[in-house]
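Chains as they are written, first to last, in the working numbering: chain A, 243 to 556; chain B, 729 to 1167.
Laid out in structure tokens, this is it:
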């Protein structure tokens, strides 16, 4: 009888000791997560259920009123529509272009001019990523200024009488911001894809070459499937970045002209800080958070499915 | 009570944890006798003026006097940026590590918000006791007082200005002379000069659609067609404003007319105030409608003969007191803050402001030696004498600045009619007013 009890107790005791052993490693992360993410998120949800100016001003319970108000807020809807364009500019185009650039740098230029040339070019593409966004914003404002900007000066010298008002016209502002975002973003996939390409077994390419496969065929049949994990990582991180993009919008257009480049994070900021509508700003931030979580989970599920299919040999 | 305490605790954690959560509530409301001597040995001042600006020079003088009168107190000055203080005040003022005195922007959307959030100290008793209520002109006092909802013009004193500002017209005398155009003295002459420049192939007005200049030009026109009652209705919520009424409609139609006539560059929607100033200084445009804050820079940088005049035909002008000295509710040395404010209003400090073109609110322009500076100060004194300060168009409700910018960009780009622009302004104004008055 006593033996049975001892047998039962031992594994449970060992398990709890094991758990205790991991605790010192988990605790800092848990505390940081709680303080930096969980509590503020809880507070943000709490604020979003109130009308509140901030500071020591009284809070007025508003239930889901702020969320209901969002449904009728044209600017809020515009900001989310613009998010789709941000995804195009920060995920779709840079990933496609980055893939092609990385392949060309690695496969063609790297082989013809040596790895050092490829590295220099890779660093050049990555430069906008390390440039502070405020600096990049000032730089692009100089280039794009309708009256004194470099581009329009060139266009005028070529005889164009009315060059585009890049950031000042509702029809050109969003595409122009998107171009700047592509410029900022492109280096990130290039760097990741190039390191991914180094991971691919060269024998695969050699075998394909012996079988008579051309560059395009090798790119489609070997490169793209081999670097799928990195593609998922880029898609996930860039989509999250695109949904919460703030800095470039702040320094380039402040959401204008006429809200044509408004994005959710900037709209939330406007309500928080300029309008002192803390509850409403919190509600926008929460909707954005929810959307980011949903999109991130969807991408991770797709990634897991793809990995499973690969393991199963499909 | 318990609910309040737990709210404070939670808010405190949030302040530490996530800037976006804005955090707050809480904070000890000060308590005790603010007038009593704190016995503090350190006095901390936060401001965002350049050291070589008129204000910077005057405050350096004030600090010098303060240090002589308080030899045991160490003065610590911290340079902030306008944006830093503007955007973050409502977060850091909930904590205990706050300055003893701080420069802050005036108006419903700014100082009014801090006042209604209980973050800055009521100065009513001190203002009476120290005579600030008689030193400062009436139209300057408007921006110093805020009611419980944070609306300016009535209620308690929450800030004290010691300089002023107004919007007028800067002009390039050489450009006028070259084309033989007379400097306008009436609104009709002003329009005639705009046309004369345009006919000569020159866009007459430097402006900027992405920031405040275009809104101020629009407001000059509103004031041209409006009166003091309209200003009180619009800024102080004395009565409901009709955006489709005469003054707003005529002003917006006139601006639209000027845009169509090419008096304003059609590609100015995304330009900043800096772009406007630089292009005026560079001689591209012969006129610039903007504030007295440009004066010092123009003196330094303009390479041609230039002058200034008040917007022709207007009795009312955009302008106000300068930024305010406010005392945070959690400040530790409030008595020293009151002493410092007192010093900034003394003649010797006001004179430094005046000589440097800083528009003193309690000074005497006759002592100013530089002719241009004296002219600027006299213009300001005339406005004050006529009760002509009409504040700024974006002041009535928080967030209105962005709305004005956006709507007037539509006008520059001709993507909206004046009626649609006024509808847009009206909607935002009344939404903001409801938020302000209902809390």
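Glycine is no exception: its CB is placed at the ideal position from the N, C-alpha and C atoms.
Contact between the segment 871–883 of chain B and the segment 827–843 of chain B is present: three or more C-beta pairs spanning the two stretches fall below 8 Å. Of all residues in the segment 514–539 of chain A, those with a C-beta nearer than 7 Å to a C-beta of chain B are 514, 515, 516, 517, 518, 519, 520 and 527, reading in chain order. At a cut-off of 8 Å between beta carbons, residue 407/A contacts chain B. DSSP places residue 850/B outside both helix and strand once states are collapsed to three, so it counts as coil.
Identification of chain A residues near residue 1126/B by a Cβ-Cβ cut-off of 8 Å yields 516, 517, 518 and 519, ordered along the chain. In terms of Cβ geometry, residue 505/A and residue 361/A do not form a close pair [threshold 8 Å]. Counted as a single uninterrupted DSSP element, the stretch harbouring residue 470/A is not any beta strand (DSSP E) but the alpha helix (DSSP H) occupying residues 470–485.
DSSP, reduced to helix, strand and coil, places residue 1088/B within a strand of the structure shown. Counting the other CB atoms within 10 Å of its CB gives residue 404/A a total below 16, which places it among the exposed residues.
The C-beta distance from residue 872/B to residue 1007/B rounds to 35 Å, too long to fall under 8 Å, and the pair is not in contact.
For the segment 852–863 of chain B, no residue has a beta-carbon sitting nearer than 9 Å to a beta-carbon of chain A. For residue 525/A, DSSP records no beta bridge to any residue. Residue burial annotation: residue 261/A is exposed, with fewer than 16 other C-beta atoms found within 10 angstroms of its C-beta. Residue pairing for residue 1040/B: DSSP places it in no beta bridge.
In the three-state DSSP reduction, residue 880/B falls in the strand class (E or B). Of 481/A, 525/A and 402/A, the smallest CA-CA separation from residue 541/A is found for 481/A. Shown here for residue 1033/B: same chain residues with a beta carbon closer than 6 Å to its own, the five before and five after excluded, namely 901 and 902 in chain order. At a cut-off of 8 Å between beta-carbon atoms, residue 416/A makes no contact with chain B. Residue pairing for residue 900/B: DSSP places it in a beta bridge opposite 1034/B. Around the beta carbon of residue 372/A, fewer than 16 other beta carbons lie within 10 angstroms, which makes this residue exposed.
Short of 8 Å from the beta carbon of residue 532/A, and not among the five residues preceding or following it, lies no beta carbon of its own chain. Between the C-alpha atoms of residue 365/A and residue 425/A there is a straight-line separation of about 13 Å. Residue contact with chain A for residue 1133/B: present (Cβ-Cβ distance below 8 Å to some residue of chain A).
Around the beta carbon of residue 1031/B, fewer than 16 other beta carbons lie within 10 angstroms, which makes this residue exposed. Where residue 803/B is concerned, the enclosing beta strand (DSSP E) starts and stops at 802–807. Under the three-state reduction of DSSP, residue 912/B is assigned to coil, being neither helix nor strand. By the neighbour-count criterion, in which a residue is buried when 16 or more other Cβ atoms sit within 10 angstroms of its Cβ, residue 832/B is buried. Judged by their CB atoms, residue 888/B and residue 1069/B are nearer to each other than the 8 Å cut-off. The beta-carbon of residue 440/A is placed no less than 8 Å from the nearest beta-carbon of chain B. Nearest neighbour of residue 285/A by Cα position, chosen from 536/A, 527/A and 389/A, turns out to be 527/A. Look at the segment 955–971 of chain B: it has no residue with a C-beta under 8 Å from a C-beta of chain A. Sixteen is the threshold: when 16 or more other Cβ atoms of the shown chains lie within 10 Å of the Cβ of residue 418/A, as they do, the residue is buried. Remark: C-beta atoms of residue 512/A and residue 409/A do not approach each other more closely than 8 Å. Residue 1123/B is classed as buried because its beta carbon has at least 16 other beta carbons within 10 Å across all chains shown. With contacts defined as CB atoms closer than 8 Å, residue 932/B and residue 1004/B fail to qualify as a contacting pair. Residue pairing by DSSP puts residue 1056/B in a beta bridge opposite 848/B.
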